[in-house]
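>
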Amino acid sequence: MRCTLCYKEFDEVEARNHCSACFLTSGCKMIKCPNCDYEMPVESAWAKKVINFFKRKKGKKHVSH
Amino acid sequence: MPVLEAPQAQAQKKIALVGNPNVGKSLIFNHLSGSYATVSNYPGTTVGVMRGKLKVQGVQAEVVDTPGMYSLISITEEERVARSILMEGNLDLVIHVADAKNLDRMLPFTLQLIEAGFPLILCLNMADELEQRNLSINKEELQKELGIPVVLTAAVTGKGISQLKAEIQKFNQEENQREKDFFPDAFKSVLKEIQSNLKGTYPIQTHAIASLLLQEDIEAVRWVKENDSASFHAIQETINHAKTLYSHSLQYELALSRQKEVERIVNNVFVGESSKRTGFAEKLSQWMMQPLTGLPILAVVLYFGLYKFVGVFGGGTLVDLIEGGLFEGYINPFLVNLFEKIIPWQTFRDLFTGEYGVLTLGVRYAVALVLPIVGAFFLFFAMIEDSGYLPRLAMLVDRVFKKIGLNGRAVIPIVLGFGCDTMATIVTRILETKRERVIATLLLALAIPCSAQLGVILAVLAPYPSALLVWVGVIALEFLFIGYLAAKAMPGEKPSFYMELPPMRFPKISNVFLKTMSRMEWYFKEVFPLFIFASVLIWVGQVTGIFQFLVHSLEPVVQALGLPKEASVAFLFGFFRRDYGAAGLFDLNDAGIMTGVNLLVACVTLTLFLPCVAQFLVMKKEHGMKITLGISAFVLVLALGTGYVLNKLLVGIGWSF
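Protein chains in written order, with the numbering used here: chain P, 146 to 210; chain L, 9 to 665.
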């Protein structure tokens with residue numbers, strides 16, 4: 146995913162390891178950017194599905210044109 | 009002599025591909041190495057590194073695809089691995105793969121690599137996308153500027169790969185590795201002085217080591233301590249002296265000067281319309297960071313984003329529609345009727361549909377009051393984030409924050425505090441010193457309202473713009489004044505700050521949607537069970553009489569602030585959660601029992617009021633019980649004291665809103 150502050154891409158799993166020392170790690174819904182330490186919530190699964198749905202629709206529209 | 013030739017006569021050479029993530033490095037690697045590659049973890053890490061045999065006629069070499077890196081100053085484990093390969097790999101050739109479309113963001117790293125003295129080829133990939141945008145790069149001019157070979161490729165289609173292979177074949181290491189730097193004159197004397205003290209053997213050019221030392225790179229410091237321990241003290245003195253010459257950190261000053269050099273080169277070599285667009289974005293970026301222009305921009309952003317959108321629209325229009333229209337008009341009356349029929353016992357019925365019932369209060373607060381307000385706030389926040397404004401805000405406030413013992417980096421926990429102070433208290437860990445962490449924790453507990461609290465305050469004060477201005481003034485003043493006193497009480501070194509700036513951009517709808525929904529989902533999942541739990545707790549308190557006792561105990565306190573005694577409920581809620589207390593304040597305003605002065609005093613006091621239970625526990629975990637109790641006691645006295653003085657002052661001068 147991409148950090149919303151410094152805009153750098155990082156791996157979610159790697160980011161999880163980055164904050165493994167935190168006492169709130171278990172059940173934590175936040176992701177910390179390994180580059181700038183900014184925290185953001187885990188991307189919503191259903192919101193991602195909505196975006197993908199519209200992207201697919203847009204893609205089909207382009208093909209049909 | 010071209011060193012990459014004559015395979016029979018020489019041992020196998022080493023070539024590394026470096027560059028930012030997502031620039032097509034792996035595709036270039038595949039083109040160069042064919043299909044045979046091995047992946048193994050870099051020793052002592054979990055980072056995988058791809059290695060293959062170079063498929064270029066006449067050259068026998070191993071080619072390594074390094075993990076993505078943005079600069080020689082490494083932060084992540086991947087970057088550390090990539091840097092180790094660069095520094096310790098005895099490389100015969102480094103190919104910097106960069107995104108041709110974003111030359112201005114790629115070249116700072118190229119300049120670093122050249123300064124470090126790596127034998128370098130610049131491979132500008134994604135040239136096809138550049139063409140699609142009717143843009144082009146004057147390759148010959150860029151080669152002249154940088155003094156290294158430049159190749160344009162489109163790894164997806166394979167275009168330019170043969171030229172890249174040809175450049176590898178004819179690469180002349182000695183010619184390429186001459187000492188070159190892009191530092192401004194102001195830094196040259198400092199770098200020369202440091203360089204003159206570097207006598208040991210280093211993996212890169214000593215002027216690049218000197219530059220890394222100026223940027224306080226930990227590994228460079230370690231190398232110098234090992235190789236030039238005798239002159240380390242003198243070097244440190246030179247660096248300390250250089251620090252006094254600049255208001256910002258040396259890392260920032262160096263990056264700024266490098267960026268200026270990059271802009272000059274890009275303007276020289278880029279052909280097409282985009283330079284005009286880049287020009288405006290760059291100007292806007294500079295305006296945002298200069299106090300004279302940055303502060304008015306900030307005021308406009310806060311006025312339209314926070315006041316108009318979150319306060320008036322979110323806290324006013326949306327809440328009126330959902331809470332006033334839907335819940336009070338239909339849902340709550342329906343639930344009250346329903347529960348009257350199915351639960352005959354008043355006490356148990358109160359648990360669900362009483363004054364503080366789980367459904368009539370807990371669900372209503374969470375769904376109809378807090379969610380629309382934080383939703384509006386998160387939408388505004390996502391647009392700010394996606395535009396690239398936040399890092400520029402950090403640079404803008406860096407100077408002010410230094411006066412209160414912090415630096416621009418503290419913008420991260422402070423801004424996150426507007427979302428949730430508890431989470432932000434944990435994020436203070438990113439600050440370098442304990443002093444900074446304690447000051448930031450204190451300021452978060454004192455003067456940073458969480459999103460729901462902020463939204464409710466903006467909504468209830470929106471009809472009284474002058475009251476809102478007083479609220480902003482009091483909170484900002486306390487934030488700065490208490491920060492200043494705390495910095496004086498806890499003297500320490502001025503922390504330096506530098507942040508690489510991402511490009512300015514128009515927020516993308518899909519990004520904004522994803523960020524807003526992710527935050528709303530996270531907030532709702534956290535807040536909903538707690539609001540239900542609070543309602544149950546209040547019900548238990550009512551049944552046992554503890555709730556009434558606590559409310560009565562707080563009455564003299566709120567009355568001393570000039571508030572009606574009913575306001576003690578909102579204060580009691582505020583102990584539990586800031587947003588819950590804010591929602592209580594909203595109900596009081598709805599009931600029409602508060603005057604304009606009352607509302608202002610309550611808003612100021614509740615903003616400065618004690619941290620909620622969760623924030624208190626996190627503070628204890630982070631800083632220990634002594635500091636937490638100290639901060640809490642200080643915040644409580646200051647909040648009530650400010651409320652008391654403000655009320656007396658407003659009543660005394662007969663101010664009404």
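Built from N, CA and C at the ideal position, the CB exists for glycine as well.
1. For Lys268(L), write down the residues that DSSP places opposite it in a beta bridge.
2. What separation, rounded to the nearest whole angstrom, lies between the Cα atoms of Leu425(L) and Tyr338(L)?
3. Please list the partners that Lys153(P) has in chain L, where partner means a Cβ-to-Cβ separation under 7 Å.
4. What is the C-beta distance between Leu154(L) and Thr118(L), in whole angstroms, given that I count them as a contact (C-beta under 8 Å)?
5. With distances taken between CB atoms, is the gap from Gly651(L) to Thr613(L) smaller than 8 Å?
6. Since Glu188(P) meets chain L, which of its residues come closer than 8 Å, beta carbon to beta carbon?
7. Over what stretch of residues does the alpha helix (DSSP H) that includes Asp598(L) continue unbroken?
8. Tell whether a beta-carbon distance below 8 Å holds between Ala90(L) and Leu138(L).
9. 8 Å is my cut-off, CB to CB: does Glu184(P) come that close to chain L?
10. Run down chain L in chain order and give the residues with a C-beta less than 7 Å from the C-beta of Lys193(P).
11. When you compare the CB of Met134(L) with every CB in chain P, is at least one pair closer than 8 Å?
12. Which class does Gly416(L) belong to by DSSP, given the choice of helix, strand or coil?
13. Here's a check: name, in chain order, each residue in its chain whose Cβ is nearer than 6 Å to the Cβ of Ala455(L), leaving out the five neighbours to either side.
14. Residues of chain P with CB closer than 9 Å to the CB of Pro399(L), please, in chain order.
15. Starting from Asn133(L), follow the beta strand (DSSP E) in both directions and report where the run begins and ends.
16. Let's test the definition: count the other Cβ atoms within 10 Å of the Cβ of Pro4(L) and tell me whether it reaches 16, buried, or not, exposed.
17. In the DSSP assignment, find the unbroken alpha helix (DSSP H) run with Glu336(L) in it and report its ends.
18. For Leu424(L), return the contacting residues in chain P, with the cut-off set at a CB-CB distance below 7 Å.
19. Is the segment 433-446 of chain L in contact with the segment 319-336 of chain L, if contact means three or more CB pairs nearer than 8 Å?
20. For Pro107(P), write down the residues that DSSP places opposite it in a beta bridge.
21. For a quick check, are the C-beta atoms of Phe505(L) and Asn415(L) less than 8 Å apart?
22. Does any CB atom of chain P fall closer than 8 Å to the CB of Pro510(L)?
23. Once the 5 residues before and after Ile392(L) are set aside, which same chain residues still bring their CB inside 8 Å of it?
24. Should the segment 583-592 of chain L be regarded as contacting the segment 615-626 of chain L, the criterion being three or more beta carbon pairs within less than 8 Å?
25. Establish whether the CB of Lys174(P) and some CB of chain L are separated by less than 8 Å.
26. If you measure from the beta carbon of Met498(L) to each beta carbon in chain P, is any gap under 8 Å?
27. Taking the alpha helix (DSSP H) that Ile483(L) falls in, what are its first and last residues?
28. Interface residues of chain P around Met431(L) at Cβ under 8 Å?
29. Let me make sure I understand the geometry here. Which of His241(L), Met602(L) and Glu224(L) has the alpha-carbon closest to that of Asn205(L)?
30. Looking at the structure shown, is Asp358(L) part of a helix, part of a strand, or coil, going by DSSP?
31. So, at 7 Å on beta carbons, what are the nonlocal neighbours of Thr165(L) in its own chain, with the 5 sequence-adjacent residues on each side left out?
32. Confirm, please, whether the CB-CB distance from Phe385(L) to Leu462(L) is below 8 Å.
33. Decide if the segment 442-452 of chain L is in contact with the segment 624-637 of chain L; the criterion is three or more beta carbon pairs, one per stretch, under 8 Å apart.
34. Rounding to the nearest angstrom, what Cα-Cα distance links Ser189(P) and Tyr531(L) in this structure?
35. Taking 7 Å as the limit between beta carbons, can you name the residues of its chain near Gly302(L), skipping five residues before and five after?
36. Please confirm if Glu13(L) has its CB atom under 8 Å from at least one CB of chain P.
By the coordinates alone:
1. As a first step, residue 268(L) must be located in the second sequence, where it is residue number 260. Lys268(L) pairs with nothing; no bridge assigned.
2. The residue labelled residue 425(L) in the question sits at position 417 within the second sequence. The residue labelled residue 338(L) in the question sits at position 330 within the second sequence. The amino acid at residue 425(L) is misidentified as Leu; the sequence shows Gly. About 35 Å.
3. Residue mapping note: residue 153(P) aligns to position 8 of the first sequence, counting from 1. Chain L residues near Lys153(P): Tyr78.
4. Here residue 154(L) is taken as the residue at index 146 of the second sequence, counted from 1. Here residue 118(L) is taken as the residue at index 110 of the second sequence, counted from 1. Going by Cβ atoms, the distance from Leu154(L) to Thr118(L) rounds to 7 Å, so yes, they are a contact pair.
5. Taking the first residue of the second sequence as position 1, residue 651(L) is located at position 643. Taking the first residue of the second sequence as position 1, residue 613(L) is located at position 605. Cβ atoms of Gly651(L) and Thr613(L): closer than 8 Å.
6. The sequence position of residue 188(P) within the first sequence is 43, counting from 1. Leu522 and Ser526, listed in chain order.
7. Numbered from 1 along the second sequence, position 590 holds the residue referred to as residue 598(L). Boundaries of the alpha helix (DSSP H) around Asp598(L): Arg586 to Ala599.
8. Counting from one through the second sequence, the residue named residue 90(L) turns up at place 82. Counting from one through the second sequence, the residue named residue 138(L) turns up at place 130. No, the pair does not count as a contact, with Cβ atoms beyond the cut-off.
9. As a working mapping, residue 184(P) is identified with position 39 in the first sequence. With 8 Å as the cut-off, Glu184(P) counts as an interface residue toward chain L.
10. The sequence position of residue 193(P) within the first sequence is 48, counting from 1. What Lys193(P) touches in chain L: Leu522.
11. Residue numbering aside, residue 134(L) sits at position 126 when the second sequence is read from its first letter. Met134(L) does not count as touching chain P.
12. On the second sequence, residue 416(L) is found 408 positions in, with the first residue counted as 1. Helix, per DSSP.
13. Numbered from 1 along the second sequence, position 447 holds the residue referred to as residue 455(L). Ile483, Glu486 and Phe487.
14. The sequence position of residue 399(L) within the second sequence is 391, counting from 1. Those within 9 Å of Pro399(L) in chain P are Leu150, Cys151, Tyr152 and Cys181.
15. Numbered from its first residue, the second sequence carries residue 133(L) at position 125. Looking at the DSSP string, the run of the beta strand (DSSP E) that includes Asn133(L) is Leu128 to Asn133.
16. With chain L represented from 9 up to 665, any question about residue 4(L) goes unanswered, as that position is not in the structure.
17. As a first step, residue 336(L) is located in the second sequence; it is residue number 328 there, counting from the start. Note, Glu336(L): premise wrong, no alpha helix (DSSP H); not H, not E.
18. Here residue 424(L) is taken as the residue at index 416 of the second sequence, counted from 1. Those are Glu184, listed as they occur along chain P.
19. Contact annotation: the segment 433-446 of chain L does not touch the segment 319-336 of chain L, with fewer than three C-beta pairs closer than 8 Å.
20. What is shown of chain P runs 146 to 210, which leaves residue 107(P) out entirely.
21. Within the second sequence, the letter at position 497 stands for residue 505(L). Within the second sequence, the letter at position 407 stands for residue 415(L). A contact, by the Cβ cut-off of 8 Å.
22. Stepping through the second sequence from its first residue, residue 510(L) is reached at position 502. True, the Cβ-Cβ gap to chain P drops below 8 Å.
23. As a first step, residue 392(L) must be located in the second sequence, where it is residue number 384. Cβ neighbours of Ile392(L) within its own chain (closer than 8 Å, five residues either side excluded): Val309, Gly313 and Leu398.
24. Result yes; three or more Cβ-Cβ pairs closer than 8 Å.
25. Counted from its first residue, the first sequence places residue 174(P) at position 29. Cβ-Cβ to chain L under 8 Å: yes for Lys174(P).
26. Position 490 of the second sequence, counted from the start, is the residue given in the question as residue 498(L). No, no contact with chain P.
27. The residue labelled residue 483(L) in the question sits at position 475 within the second sequence. Following the DSSP letters along the chain, one finds Ile483(L) inside the alpha helix (DSSP H) bounded by residues Pro473 to Ala497.
28. Numbered from 1 along the second sequence, position 423 holds the residue referred to as residue 431(L). In chain order: Met175 and Glu184.
29. Along the second sequence, one-based indexing puts residue 205(L) at 197. With respect to the C-alpha of Asn205(L), the residue from His241(L), Met602(L) and Glu224(L) having the closest C-alpha is His241(L).
30. One-based indexing of the second sequence puts residue 358(L) at position 350. DSSP places Asp358(L) in helix when its eight states are reduced to three.
31. As a working mapping, residue 165(L) is identified with position 157 in the second sequence. Answer for Thr165(L): Asp136, listed in chain order.
32. Residue 462(L) sits at position 454 when you count from the first residue of the second sequence. Residue 385(L) sits at position 377 when you count from the first residue of the second sequence. It is a contact, given that the beta carbons lie within the stated cut-off.
33. Because the criterion of three Cβ pairs below 8 Å is met, the segment 442-452 of chain L and the segment 624-637 of chain L touch.
34. As a position in the first sequence, residue 189(P) is number 44, starting the count at 1. As a position in the second sequence, residue 531(L) is number 523, starting the count at 1. Spanning the two alpha carbons is a distance of roughly 12 Å.
35. One-based indexing of the second sequence puts residue 302(L) at position 294. Closer than 7 Å at Cβ, skipping near neighbours: Trp295, Met296 and Leu404.
36. Locating residue 13(L) in the second sequence gives position 5, counting from the first residue. The predicted position of Glu13(L) is uncertain, since its pLDDT is 47 and thus under 50; a value taken from the coordinates is nonetheless stated next. Residue contact with chain P for Glu13(L): absent (no Cβ-Cβ distance below 8 Å to any residue of chain P).
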